[in-house]
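Chemist: Numbering (the working numbering), first residue to last: 150 to 225.
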């Protein structure tokens, strides 16, 4: 029962993140991704990911391609 509730909450948060990514893509025409960072769903543009990599948020050696593979949703 506990797992079911967690899955429902994750589904709601995921739908909200996808809507936010689509809205941001529609307004700025940048590529946005939904990623899990620190156990939270984050909506980040490709340019923001580059800043995070340079800033040391991700492990050394992580590339944009690696993050695109792990992304739950990518706008086109």
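Backbone N, C-alpha and C fix where the C-beta goes; we use that ideal spot for every residue, glycine too.
Can the beta-carbon of residue 214 be found closer than 8 Å to that of residue 192?
Modeler: No, Cβ-Cβ distance for residue 214 and residue 192 is not below 8 Å.
Chemist: So, is residue 177 buried or exposed, given that buried needs 16 or more other C-beta atoms within 10 angstroms?
Modeler: With fewer than 16 other Cβ atoms within 10 Å, it is exposed.
Chemist: Thinking C-beta only, is residue 184 closer than 8 Å to residue 221?
Modeler: A contact, by the Cβ cut-off of 8 Å.
Chemist: Can you list, in chain order, the residues of its chain whose CB lies under 6 Å from that of residue 195, leaving out five sequence neighbours each side?
Modeler: 180, listed in sequence order.
Chemist: Where do the N-terminal and C-terminal ends of the beta strand (DSSP E) with residue 183 fall, by residue?
Modeler: Residue 183 -> beta strand (DSSP E) spans 181-186.
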